[in-house]
């Protein structure tokens, strides 16, 4: 029996493989405390499916010109992320694959070992060919079984899936001894709202836009491309990932927040980002945060807005069903 077969089909309890070869799922609440956990130490083929199935998968409403309801996580994407971790894990460092679910927020899949010389985004843009040095027979066996695709196409598939579903892109964290990918199950921030407004983007523009929305470096060439396509603008010399920022600046801040909420649930951080793009005069982050809090509290007091989930700092807000019907009839187009 090969090591690959033992990992795929063996059980830790049968002493074919180390007891550390398993998948561990943990649920963290909104404050970061562990609320539940399970360990799956059967054949890794089954453990990956069991861990993915343990993730609580609610429904999310997608706005834009074609509103629809989708699941927070695509099950095939979760399984693929776990399978990839199993296939590329450095088993000399231990065999546990961690699946960390953050309540109503995200799922992180973490494995041991280094990633390689290329960044994940390079595989999405087909600029690199993978040259993994570990687990050759395991990877080949899993590929033949249809569990993992070849040549880095699994990473590309996860990015394209999130773009199509109008969700934030996967976020990789790579260091010398571990690799993790975080898949968002919550639509927040300007990136999903821009996708709602413009439809599907090509991968290169989507990656550049996602980097801009998350405060990461965007090259001048990529920024020019975003601006030329109306996906970004500059306000006071600062790049803003907000289409039509000049046109959207009309009306009161309260109306702008309501239009933002009309596009779907959002967090206070989303409101702060929108107010920052609208502001015609310099304001500190603290001033913007206070302004956002005051507007949201005012809307909650008059029964227009309610908390959808989360604690004070991470709360998600939404328009109360049936509230402000006249306003909602006036503003059917999301402002970003």
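Residue numbers (our numbering): 4 to 339.
Yeah, the Cβ is synthetic: ideal placement off N, Cα and C, and Gly gets one too.
Since this is a predicted model, take the numbers as computed values, not measurements.
Asked                                                                                                                                                                                               : Found
Let me check understanding here. Comparing Cα to Cα, which of 299, 260, 25 lies closest to residue 52?                                                                                              : 25
So residue 320 is in the beta strand (DSSP E); what residue range does that whole segment cover?                                                                                                    : 319 to 322
With DSSP run on the structure shown, which of helix, strand or coil describes residue 100?                                                                                                         : strand
Helix or strand or just coil, what does DSSP make of residue 220?                                                                                                                                   : coil
Does the beta-carbon distance from residue 259 to residue 216 come in below 8 Å?                                                                                                                    : no
DSSP state of residue 195, grouped into three classes?                                                                                                                                              : helix
Would the stretch 199 to 212 count as touching the stretch 141 to 157 if we require 3 or more Cβ pairs under 8 Å?                                                                                   : no
Which residues mark the beginning and the end of the beta strand (DSSP E) in which residue 177 is found?                                                                                            : 174 to 177
Are there 16 or more other CB atoms within 10 angstroms of the CB of residue 324, so buried, or fewer, so exposed?                                                                                  : exposed
Could you tell me whether the stretch 174 to 193 touches the stretch 105 to 112, where touching means 3 or more Cβ pairs closer than 8 Å?                                                           : yes
Starting from the C-beta of residue 158, find all residues in its chain whose C-beta is less than 7 Å away, skip the five residues before and the five after it, and write them out in chain order. : 123, 126, 127
When burial is assigned at 16 or more other CB atoms within 10 Å of the CB, is residue 250 buried or exposed?                                                                                       : Residue placement at residue 250 is poorly supported in this model, since its pLDDT is 44, which falls under 50; the coordinates are not used for a value here.
Is DSSP giving residue 249 helix, strand or coil here?                                                                                                                                              : Since pLDDT at residue 249 reaches only 37, below the 50 mark, its modelled position is unreliable, and no value is offered.
What separation, rounded to the nearest whole angstrom, lies between the Cα atoms of residue 9 and residue 58?                                                                                      : 26 Å
Which residue comes first and which comes last in the alpha helix (DSSP H) that contains residue 183?                                                                                               : Premise fails: residue 183 lies in the beta strand (DSSP E), 181 to 187, not in any alpha helix (DSSP H).
Taking the beta strand (DSSP E) that residue 114 belongs to, which residues open and close that run?                                                                                                : 109 to 115
What are the residues that DSSP puts in a beta bridge with residue 1?                                                                                                                               : Absent from the model: residue 1. The displayed extent of the chain is 4 to 339, so no value can be given.
So what does DSSP say about residue 58, is it helix, strand or coil?                                                                                                                                : coil
Going by the CB atoms, is the gap between residue 268 and residue 196 shorter than 8 Å?                                                                                                             : no
Would you tell me roughly how many angstroms separate the C-alpha atoms of residue 203 and residue 163, rounded to the nearest one?                                                                 : 10 Å
Please classify residue 191 as buried or exposed, where buried requires at least 16 other C-beta atoms within 10 Å of its C-beta.                                                                   : buried
Please say whether residue 319 and residue 270 have beta carbons closer to each other than 8 Å?                                                                                                     : yes
Since residue 40 is in the beta strand (DSSP E), which residue starts that stretch and which ends it?                                                                                               : 37 to 43
Starting from residue 291, trace the alpha helix (DSSP H) both ways and give me its first and last residue.                                                                                         : 288 to 304
Could you tell me the alpha carbon to alpha carbon distance between residue 2 and residue 30, rounded to whole angstroms?                                                                           : No answer is possible for residue 2: it lies beyond the span of the chain, which begins at 4 and ends at 339.
Going by the beta-carbon positions, is the gap between residue 150 and residue 86 smaller than 8 Å?                                                                                                 : yes
Out of 312, 66, 41, 50, point me to the one whose CA is closest to residue 193's CA.                                                                                                                : 66
Please list, in chain order, all residues of the same chain as residue 46 whose beta carbon is under 6 Å from its beta carbon, the five residues on each side excluded.                             : 12
Does DSSP put residue 148 in a helix, a strand or coil?                                                                                                                                             : coil
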